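Student: In this note's numbering, the protein residues as written are 387 to 519.
No residue lacks a Cβ here, since even glycine has one placed at the ideal position from N, Cα and C.
Keep in mind the model is a prediction, meaning the values are calculated, not measured.
The following block contains the structure, expressed as structure tokens.
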């Protein structure tokens with residue numbers, strides 16, 4: 387499991403727990419081989435003020451964008467929703483932040499909540515999450 391501080395990922399359920407050795411079941415063919423955190427393309431680099439120049443930032447953004455990791459966003463979202471549609475007991479957060487199994491009183495699956503999220507995100511759920519807190 388990767389650890390990421392990208393708020394876009396946290397807000398878009400990309401931080402949900404899933405098996406990174408079976409990404410194909412989520413509709414991701416892993417053509418670019420983005421699954422190795424020790425890949426030399428992504429390891430930490432020494433700090434340099436030059437790296438923060440506008441042209442360097444744009445160059446890095448173009449490079450990452452051209453990897454194609456999110457080219458098929460709607461298909462990936464549909465695959466994630468389909469994957470969780472039949473999961474009646476998705477993980478929920480406890481008051482301590484630890485995951486636990488949802489109670490049997492849950493009326494919607496994770497996938498149903500994913501599909502019903504609307505254009506405004508998860509606004510109907512406390513804390514913006516598709517499961518109970």
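Only counting the same chain, and skipping five residues up and downstream in sequence, which positions put a Cβ closer than 6 Å to that of residue 438?
Tutor: Once the five neighbours on either side are set aside, residue 438 has no close Cβ partner at all.
Student: Below 7 Å CB to CB, which residues in the same chain sit around residue 490 once its five sequence neighbours on both sides are set aside?
Tutor: Model confidence at residue 490 stands at a pLDDT of 42, short of 50, so the residue's coordinates are unreliable; what they give is reported in the following sentence. Contacts found: none.
Student: Starting from residue 467, trace the alpha helix (DSSP H) in both directions and tell me its first and last residue.
Tutor: Here the alpha helix (DSSP H) through residue 467 covers 459–471.
Student: With respect to 8 Å, is the separation between the Cβ of residue 450 and the closest non-hydrogen atom of the ligand ADP below this value?
Tutor: As presented, the structure is devoid of all ligands, the ligand ADP included, so that no description of it is given.
Student: Take the Cβ of residue 449 as the centre, count every other Cβ of all protein chains shown within 10 Å, and call the residue buried at 16 or more, exposed below.
Tutor: Exposed, by the Cβ-count rule.
Student: What's the gap between the Cα of residue 560 and the Cα of residue 457?
Tutor: Residue 560 lies beyond the residue range present for the chain, which begins at 387 and ends at 519; the question has no answer from this structure.
Student: For a quick check, are the C-beta atoms of residue 436 and residue 442 less than 9 Å apart?
Tutor: Against a cut-off of 9 Å, the Cβ pair of residue 442 and residue 436 comes out as a contact.
Student: Please go through the same chain and pick out, in chain order, the residues whose beta-carbon is closer than 8 Å to the beta-carbon of residue 431, but skip the five residues on each side of it.
Tutor: Correct list, in chain order: 437.
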